[in-house]
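*Asks:* Heads up, my numbering is the position in the sequence shown plus 850, with the first residue counted as 1. I have a structure I would like to understand better, so I am pasting it below and will then ask my questions one at a time.
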Amino acid sequence: MATFLYKLGRSAFRRRRLVALLWVALLAIAGIGAATAPAPTSGSFSIPGTEAQRAFDLLEERFPGAGADGATARVVFKAPEGQKVTDPAHKAVVEETVAALKSGSDQIVSVADPYATQAVSQNGSTAYVSVAYKVNAMELTDETREALTQAGQNAQGKGLTVEVGGDALQTMPATGAGEIVGVIIAGIVLVMTFGSLVAAGLPLLTAIIGVGIGVSSIAALANVLDLGSTTSTLAMMIGLAVGIDYALFIVSRYRAELAEGREKEDAAGRAVGTAGSAVVFAGLTVVIALVGLAVVNIPMLTKMGFAAAATVVIAVLIALTLIPALLGFAGDKVIGRKQRKGLKKDAPSRTDKPNGGTRWARLVIRRPVTVLLVGVLGLGAIALPAASLEMGLPDDGVKPTSTTERRAYDALSDGFGPGFNGPLLVVVDGDKAAADKTVSSIKGLEGWAAVTPATPNKAGDAAMITVVPKDRPSSVATETLVHDIRDATGDDVLVTGATAMNIDFSQKMNDALVPYLALVVGLAFLLLTVVFRSILVPLKAALGFLLSVVAALGAVVAVFQWGWLGSLFGVEQTGPIMSMMPIFMVGVVFGLAMDYEVFLVTRMREAYVHGERPGEAIVTGFRHSARVVTAAAVIMIAVFSGFIGMTDQMIKMIGFGLAVAVLFDAFVVRMAIVPAVLALLGHKAWWLPKWLDRILPNVDVEGEGLAKRDEEGAGSKPDLVKA
């Protein structure tokens, strides 16, 4: 592989104008496609194989239009203390609002009069108007949303408290300044690492081009592939991080080759052949982790994983081709002035002074047991809150109290009971007698506040029953009620609704976690065994990842569920952790964690196979890689942290989770626990059974083919430092 990538790097360096033109053309084509494509929708949500989904499908079949995915809104009216919404003056305001809503937009399907639909609380303090739209929330026009909010504001000043809930006010996740700050921090770190503005600008430029192509392609295909509105945000988050990191490693290696006195074209080829090989395998681990999300069998999650994986593939291809091309344009400017003077004198830059990585590695080797215990126990303590993990899907109840959606949610809970915001929809596949029997069975259970009479369809072969729980949607009592209804009724009775979907979704996530881990960790273990020619090194890498990801989950629970330091991260309302968060974080973090493992440990193995003792090999690996791995981790943390400023709770939580996971994995696991374990294992760390060594393919990640070129006099230097 190294030989092929060496030739690819040299070719891209020589044909730099053509390569740069091709990538710019791809960016332009993707941009035009995104600009001319319809706006992305919110994406359909389904959970194949669950009862809630089967009930929803039956509802669509027997009650056409009842399960439509158009946006909805609830305009909630609350009378002052001691008054009722049925008082003549207040009733006139509500009816005036209903009329205004009906004429407010041609996207409206229906507006329900609360006095005709009995949408008035028992004590008369609260009423709500249900508004249904033809299209989903992302397709609502600004005029339609303005008409909705204006109708509420007009009623607000006439003696009633008016709030608006539902998904009609949902918009695309707002982009905050945090992402820009993250990129700026990345730029500062790159300048400090390279000491050259040109060298620092190359990773940023190529990462932006890669993310631009990926995100624009997602936007262009969003409606065709039914991609959710958050898909492009997540792809941008991951694409920026890995794009900068991959380019950083190749530029760093190119500078090292120039410092060794090689010609520019040869240095570019060797940088791609060595560091590029590590980039390919690091990218493969990320892609495996993201594509592996398909085993969960949640279409939305699968699409998010594939879209993010495609962005990672683009980042790898750009690192292997566009980076050497741009290095050809940059010339000597990728190196600082002092180093450039040394190159002009044709004197390789060498120093015997130990750098920070060398000093740290020697410290760990002297105290491996202490470092190992401190790292493991520290992460173990941070992981403790993960034992209290509560999962669920977000609704208006977890939004900040400053939002009208949250205030509408609370008003409905106060007026109609805690379970009103999470009603259960029971679908009966049978005639009226079967439906009436189901109603009687449900009323014999505990935990319900209201059970409506069965509503049959036109054909009389199915019926709907609405059950309002006593407790809030995310409570254990409501979950128990769902299971009790399912246990007390037959196979022809199905329970759905947002609350039931949430319960089934969380269960599906739990059931899929172990198979997903087995698949992703198993495939990555095989991949790393090929790369490192070792059994214990990949095993240590996998165990270290599990420790860091559980610690990251503990931090997420502490901040977003318990509220610790919540104000520092903009968490205004605590609640359950989103059901997809653990499995998504496992997938993404595993791929990213293996990046540092590949870049750091390949240097160690190279030194070991060239005759250095295990301890010396660890020091050599840190001397060459610690600085650039540290910079890469800081950049990735900065990029992910930038998304903590997003208003969307899901993006905020994922940004925080990924940032702390990279922090733990890079600086505690890879930079401390890994060298400590390798120091304790000694020669055993690099053991591989001979029979396995014979059958494993030799992918030449370390550039042995290039070393032979040196021996034959083809290279410009005999001493090849491998990546």
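Yeah, the Cβ is synthetic: ideal placement off N, Cα and C, and Gly gets one too. Small disclaimer: the values here were computed from a predicted structure and weren't measured.
#1: Can you give me the Cβ contacts of A1516 inside the same chain, cut-off strictly under 6 Å, excluding the 5 residues immediately before and after it?
#2: Please state if the CB of A982 and the CB of V1014 are separated by a distance shorter than 7 Å.
#3: Tell me which residues share the same chain as T1135 and place their Cβ nearer than 6 Å to its Cβ, disregarding the 5 neighbours each side in the sequence.
#4: What do you reckon, are the CB atoms on G1051 and R924 nearer than 7 Å?
#5: Unbroken beta strand (DSSP E) runs of length 3 or more, entirely within the stretch 979 to 1066: which are they?
#6: If you follow the beta strand (DSSP E) that K928 is part of, which residue opens it and which one closes it?
#7: How big is the Cα-Cα spacing for L1295 and A1313?
#8: Using CA coordinates, which residue listed in V1399, Q968, E910 and A905 is at the minimum distance from T936?
#9: Would DSSP call G1313 helix, strand or coil?
#10: Give me the Cβ distance between N1307 and R912, rounded to the nearest whole Å; I'm assuming they're in contact under 8 Å.
#11: Per DSSP, which one or two residues make a beta bridge with I1427?
#12: Give the DSSP-derived three-state secondary structure of W1298 in the structure shown.
#13: Locate the alpha helix (DSSP H) running through L1513, then write down its first and last residues.
#14: Is P1547 helix, strand or coil when you go by DSSP?
#15: Assuming contact is defined by CB atoms lying nearer than 7 Å, are G1272 and T1349 in contact in what I supplied?
#16: Thinking just about the alpha-carbon of each residue, which of T1316, E1466 and S1384 is nearest to the one in K819?
#17: In the DSSP output, which residue or residues are listed as bridge partners for P1319?
#18: Check whether the Cβ atoms of L1262 and V926 lie closer than 7 Å to each other.
#19: Mind checking whether V1278 and V1343 have CB atoms under 7 Å apart?
#20: Using DSSP with H/G/I as helix, E/B as strand and the rest coil, what is T1083?
#21: Specify whether the stretch 1074 to 1094 and the stretch 1151 to 1164 touch according to this definition: at least 3 beta carbon pairs, one from each stretch, less than 8 Å apart.
#22: Contact check, I1468 vs A1211 under 8 Å by CB: the rounded distance?
#23: Please state the DSSP three-state secondary structure of P1198.
#24: Is G1007 buried or exposed, if buried means 16 or more other CB atoms sit within 10 Å of its CB?
#25: Which residues in the same chain have their Cβ closer than 7 Å to the Cβ of V1166, if we skip the five residues on either side of it in sequence?
#26: Do we get a CB-CB distance below 7 Å when we pair R924 with the residues of chain C?
#27: How many angstroms separate the CA atom of F1217 from the CA atom of A1236?
#28: Exposed or buried, which one is P938 when buried takes at least 16 other CB atoms within 10 Å?
#29: Counting only runs that start and end within the stretch 1076 to 1137, where is the beta strand (DSSP E) found for 3 or more residues in a row?
#30: Looking at the secondary structure, which residues open and close the beta strand (DSSP E) in which I958 lies?
#31: DSSP three-state call for L1275: helix, strand or coil?
#32: Apart from the five residues just before and just after T1254, which ones in its own chain have a Cβ nearer than 7 Å to its Cβ?
#33: Would you decide whether G1372 is buried or exposed? Buried here means 16 or more other CB atoms lie within 10 Å of its CB.
#34: When burial is assigned at 16 or more other CB atoms within 10 Å of the CB, is R1103 buried or exposed?
#35: In angstroms, rounded to a whole number, what distance separates the CA positions of T1161 and A949?
#36: Cα separation between V1448 and P1388?
*Replies:* With the given structure in hand:
#1: Y1446 and A1483
#2: no
#3: A1374, G1441 and M1444
#4: no
#5: 1011 to 1015
#6: T922 to K928
#7: 20 Å
#8: Q968
#9: Before going on, a small fix: residue 1313 reads as Ala here, not Gly. In this structure, A1313 counts as strand in the three-state DSSP scheme.
#10: 5 Å
#11: M1241
#12: strand
#13: Q1499 to F1514
#14: coil
#15: yes
#16: A query on residue 819 cannot be resolved here, the shown segment of the chain reaching from 851 to 1573 and no further.
#17: W1298
#18: yes
#19: yes
#20: helix
#21: yes
#22: 5 Å
#23: In this prediction, P1198 has a pLDDT of 47, which is less than 50 and means its spatial position is unreliable; what the coordinates show is noted afterwards. Coil.
#24: exposed
#25: Y1096, V1129, V1130 and G1133
#26: Among the chains in the structure shown there is no chain C, since it carries only a single protein chain.
#27: Reading the sequence as shown, one finds Arg at residue 1217 and not Phe. Distance between the alpha carbons of R1217 and A1236 is about 30 Å.
#28: exposed
#29: none
#30: I958 to V961
#31: strand
#32: E1013 and V1014
#33: exposed
#34: buried
#35: 48 Å
#36: 10 Å
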